[in-house]
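Start counting at 1 in the sequence shown, then tack on 354, and there's your number in my numbering. In this text, a Cβ means the ideal position worked out from N, Cα and C, and glycines have one as well. Predicted model, so just to flag it, every value in this text is computed and none were measured. Notes follow once the structure below has been shown.
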Amino acid sequence: MSVENLIYKEVDELGDFTPQEKVALQVVIDELRAWDNHDLEKLYSISHPDIIYHDVTLSPAKGLAGLKEFAEGWVTASPDFTVYVEQFIVRGNTVVNVGRISGTITGEYFGSPGPNKPFDCMYCQVAVVEDGKLKYVRDHWDSYTMMQQMGWAPSS
Numbered sequence: 355m356s357v358e359n360l361i362y363k364e365v366d367e368l369g370d371f372t373p374q375e376k377v378a379l380q381v382v383i384d385e386l387r388a389w390d391n392h393d394l395e396k397l398y399s400i401s402h403p404d405i406i407y408h409d410v411t412l413s414p415a416k417g418l419a420g421l422k423e424f425a426e427g428w429v430t431a432s433p434d435f436t437v438y439v440e441q442f443i444v445r446g447n448t449v450v451n452v453g454r455i456s457g458t459i460t461g462e463y464f465g466s467p468g469p470n471k472p473f474d475c476m477y478c479q480v481a482v483v484e485d486g487k488l489k490y491v492r493d494h495w496d497s498y499t500m501m502q503q504m505g506w507a508p509s510s
């Protein structure tokens, strides 16, 4: 079964939301589109100056400077990085999304040399939007599968 990538749908196509939920969902869609299109300036423009962006495999990136270091590290490591969203769950100013991330690790990956191998793994993100900006993001993803695909961990 094929599922459409929900980041390329309009908010009103995704469900019946309150005005607050529509704002939060649009900000998160913009964030995910920015990652998918490697538009880091867009990502920074929709992020709160005091953002905490926590990829659970690393220490939290704090503030715009921390976000920039993290984002540039990801895009440098995987210039073809993509995000595919299968589901959104929205409540108030909190948006959860699940799907897949994929790409090829060709550059240095946070201290590890790029093996020039593709990865594809499941992820789940929780995002909190305040005053129309990303305030907190936590990304949970199947890093062990990615490490197996890179040859950094034993295959099962």
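Counting the other Cβ atoms within 10 Å of the Cβ of V410 gives fewer than 16, which makes it exposed. Under the DSSP assignment, D474 falls outside any alpha helix (DSSP H), being part of the beta strand (DSSP E) whose first and last residues are 471-484. Excluding five sequence positions before and after V444, the CB atoms of its chain that fall closer than 7 Å to its own CB belong to F371, E375, A378, L379, given in chain order. Q441 sits exposed, since fewer than 16 C-beta atoms from the chains shown fall within 10 Å of its C-beta.
Contact check for A481 against V382 passes: the beta carbons are separated by less than 8 Å. Excluding five sequence positions before and after N359, the CB atoms of its chain that fall closer than 7 Å to its own CB belong to Y438, V439, given in chain order. When C-beta atoms of the stretch 443-461 are compared with those of the stretch 415-424, fewer than three pairs fall below 8 Å, so the two segments do not count as touching. DSSP places P373 within a helical segment (H, G or I) once states are collapsed to three.
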